[in-house]
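Participant: Note that the protein sequences, when read in sequence, are chains B and E.
Each residue of the first sequence is one higher than the one before, counting from 6 in my numbering.
Each residue of the second sequence is one higher than the one before, counting from 62 in my numbering.
Where is the CB? At the ideal position from N, CA and C, for every residue including glycine.
Submitted below is the structure of interest, expressed as structure tokens.
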Amino acid sequence: KAGVTQTPRYLIKTRGQQVTLSCSPISGHRSVSWYQQTPGQGLQFLFEYFSETQRNKGNFPGRFSGRQFSNSRSEMNVSTLELGDSALYLCASSSQDRAGYTFGSGTRLTVV
Amino acid sequence: SQELEQSPQSLIVQEGKNLTINCTSSKTLYGLYWYKQKYGEGLIFLMMLQKGGEEKSHEKITAKLDEKKQQSSLHITASQPSHAGIYLCGAGNTGNQFYFGTGTSLTVIP
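Put into structure tokens, the structure is as follows:
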């Protein structure tokens, strides 16, 4: 079966702009989590959505938001981009019992 | 918050050598995951351990979970260049959040 698909793979944005990243989970998975990975901070949890509801949220400013659609696809939005937002953004999907998390290949965001 | 400390932070080994990576949690573990990541790419799921004393193997990689010590170890036997990458442990907590370890960078010299 198809894995977790993230689009786009690479993105370059200017400070102050906003960006939307997309994540399509494995078919049948209803949970989607988002993570930010930077050299300095490592992998950090952003938020998790389950059945279109945000189930948990990490310690990130309100500029980071997300949503999940009825087909479980999820989008993450970052407004008023800052240079420090440059990172690899990963999403992962899991089944209801969280027996395992499958990650996408990530979206590499560069803010200039 | 839950913290997962990995050791060593980086490892350089000669091809064919065995190695062990440790992951220690500051809180009770409710399952422990191991992932491998090539630079700039997504994470590849290796295995999940759910019960204390559980041990799983996949090809030349073996992972164990010691619930009492709140620790897991990942052992690679007869390492190969294809094993190179960043190894991450991960765990969930009662707050439904998922945390990753600090990571271990592995280099295998042919």
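Using three-state DSSP, classify S56(B) as helix, strand or coil.
Facilitator: coil
Participant: With a threshold of 9 Å between beta-carbons, can L104(E) be considered close to chain B, or not?
Facilitator: yes
Participant: Would you mind giving the Cβ-Cβ distance between L114(B) and V24(B), rounded to the nearest angstrom? I have them listed as a contact below 8 Å.
Facilitator: 6 Å
Participant: Give the straight-line distance between the Cα atoms of G77(E) and E120(E), rounded to the nearest whole angstrom.
Facilitator: 14 Å
Participant: Quick one: using the 10 Å Cβ neighbour count with 16 as the cut-off for buried, is T112(B) buried or exposed?
Facilitator: Under this definition T112(B) is a buried residue.
Participant: Counting only beta-carbon atoms, is G146(E) nearer than 9 Å to chain B?
Facilitator: no
Participant: Exposed or buried, what is E57(B) when buried is set at 16 or more other beta-carbons lying within 10 Å of its beta-carbon?
Facilitator: exposed
Participant: With respect to 8 Å, is the separation between the Cβ of G63(B) and the closest non-hydrogen atom of the ligand ATP below this value?
Facilitator: Among the components of this structure there are no ligands whatsoever, and the ligand ATP is therefore not found.
Participant: Could one say the Cβ of G151(E) lies closer than 9 Å to chain B's Cβ atoms, at least one of them?
Facilitator: yes
Participant: Run down chain B in chain order and give the residues with a C-beta less than 7 Å from the C-beta of G101(E).
Facilitator: Simply L93 and R113.
Participant: Among S140(E), L149(E), Y91(E) and G153(E), which one has its Cα closest to the Cα of V74(E)?
Facilitator: S140(E)
Participant: Name the chain B residues that come within less than 9 Å of G164(E), Cβ to Cβ?
Facilitator: Those are G47 and L48, listed as they occur along chain B.
Participant: What first and last residue would you give for the beta strand (DSSP E) that runs through Q23(B)?
Facilitator: Careful: Q23(B) lies outside any beta strand (DSSP E) and carries neither H nor E.
Participant: Anyone know if the C-beta pair for H136(E) and I147(E) falls short of 9 Å?
Facilitator: no
Participant: To the nearest whole angstrom, what separates the beta carbons of Y40(B) and L48(B), a pair I think is in contact under 8 Å?
Facilitator: Contact holds; Cβ gap of about 5 Å.
Participant: At what residues does the beta strand (DSSP E) containing Q141(E) begin and finish?
Facilitator: No beta strand (DSSP E) contains Q141(E), which DSSP labels as neither H nor E.
Participant: So is Q42(B) buried or exposed if we call it buried at 16+ other beta carbons inside 10 Å?
Facilitator: buried
Participant: Please return the same chain residues whose Cβ sits closer than 8 Å to the Cβ of T19(B), not counting the five positions on each side in sequence.
Facilitator: L86, V116 and V117
Participant: Leaving aside the five residues before and after P13(B) along the sequence, list all residues of the same chain whose C-beta is less than 7 Å from its C-beta, in chain order.
Facilitator: T112
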